[in-house]
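K.L.:
Numbered per the working numbering, the sequence shown finishes at 422, counting up by one with no gaps.
All C-beta atoms, glycine included, are put in the ideal place defined by N, C-alpha and C.
Please read all numbers here as calculations on a predicted model, not as lab measurements.
I am attaching a structure below and will ask some questions about it afterwards.
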Amino acid sequence: MEDKTANLVIVILFIAVVVLAVFFVLKLPTLRVAGMAETAIGTTTITVASETAITLTDSTVSFTLQQGGSNDSDTANDYFTAENSGNTKFDLDMNIWGEVNFTGTTGPDWLCWCKTAESGVCVTTYQDCNISVNPVVVTCLLPTEATDSANLGINVSIASDETAGGKEANVTFTATLNSSC
242 MEDKTANLVI VILFIAVVVL AVFFVLKLPT LRVAGMAETA IGTTTITVAS
292 ETAITLTDST VSFTLQQGGS NDSDTANDYF TAENSGNTKF DLDMNIWGEV
342 NFTGTTGPDW LCWCKTAESG VCVTTYQDCN ISVNPVVVTC LLPTEATDSA
392 NLGINVSIAS DETAGGKEAN VTFTATLNSS C
């Protein structure tokens, strides 16, 4: 009888070990031990604000004229250099206004154009750039370094009765967002 009892105890212990092993295999991944590290994964959404910005790396064009004459950036080899220092593609226009010290019977006549552009479409024909016109001189200037600048020229004609001396005018460059290029 003792052999039967011993065998019964062994069988019960064996069944208990199997049940406990199955329990731990199934439940162990969900058991938490105090101090055990845990991770979770989240998602973030970031929107970068667009910035349209122009930097003039060469902001002065100077040349000499005779009364009743004209001169331009090509002849003087002197251009404005505008750089897209923002993070968006834009069209660039320019106009000239606020003439100082011009005294001729007719005001100066201003033309402008794009000499070269690292990107976009450079309008290389002379355009009227008096204050009321605002011609686009570069379409779709990109913001990427090494493709973000343009050389822009002017042509001025003055009256035959213009007095000698220094003359000045303001040149305004305007960048307009162009998301379609």
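1) Measure from the alpha carbon of T344 to the alpha carbon of each residue in S291, G309, I253, F264, then state which is nearest.
2) Assuming contact is defined by CB atoms lying nearer than 9 Å, are D350 and I399 in contact in what I supplied?
3) According to DSSP, simplified to helix, strand and coil, what is K330?
4) Based on the DSSP output, what are the partners of C353 in its beta bridges?
5) Return the chain-ordered ranges of every beta strand (DSSP E) run that is complete within the region 287–348 and spans a minimum of 3 residues.
6) Have a look at the DSSP bridge pairing and note the partners of C363.
7) For the beta strand (DSSP E) that A411 lies in, which residues bound it at each end?
8) Going by other Cβ atoms of all chains shown within 10 Å of its Cβ, with 16 needed for buried, is W354 buried or exposed?
9) Is it buried or exposed for F255, if we count other Cβ within 10 angstroms and need 16 for buried?
10) Kindly identify the DSSP beta-bridge partner or partners of A358.
11) Please state the DSSP three-state secondary structure of A247.
12) Using DSSP with H/G/I as helix, E/B as strand and the rest coil, what is I282?
P.N.:
Straight from the coordinates:
1) Reading the sequence shown from its first residue, position 103 is the one you call residue 344. The shortest C-alpha separation from T344 is found at G309.
2) Looking up residue 350 in the sequence shown gives position 109. Looking up residue 399 in the sequence shown gives position 158. A contact, by the Cβ cut-off of 9 Å.
3) Counted from its first residue, the sequence shown places residue 330 at position 89. Looking at K330 - three-state DSSP - the assignment turns out to be coil, as it is neither helix nor strand.
4) As a working note, residue 353 is residue 112 in the sequence shown. In the DSSP output, where bridge partners are listed per residue, C353 has Q368, I395.
5) 295–299, 311–313, 321–325, 331–341
6) By one-based count along the sequence shown, residue 363 stands at place 122. For C363, which the question treats as bridged, DSSP gives the partners V379.
7) Residue mapping note: residue 411 aligns to position 170 of the sequence shown, counting from 1. Residue 411 is actually Asn in this sequence, not Ala. Following the DSSP letters along the chain, one finds N411 inside the beta strand (DSSP E) bounded by residues 409–418.
8) Here residue 354 is taken as the residue at index 113 of the sequence shown, counted from 1. Buried, because 16 or more other Cβ atoms sit within 10 Å of the Cβ of W354.
9) To locate residue 255, count along the sequence shown from 1; it is residue 14. Counting Cβ neighbours within 10 Å, F255 comes out exposed, since fewer than 16 surround it.
10) The residue labelled residue 358 in the question sits at position 117 within the sequence shown. Partner(s): A391.
11) Locating residue 247 in the sequence shown gives position 6, where the first residue counts as 1. If DSSP states are grouped into helix, strand and coil, A247 belongs with the helices.
12) One-based indexing of the sequence shown puts residue 282 at position 41. I282 falls in the coil class under three-state DSSP.
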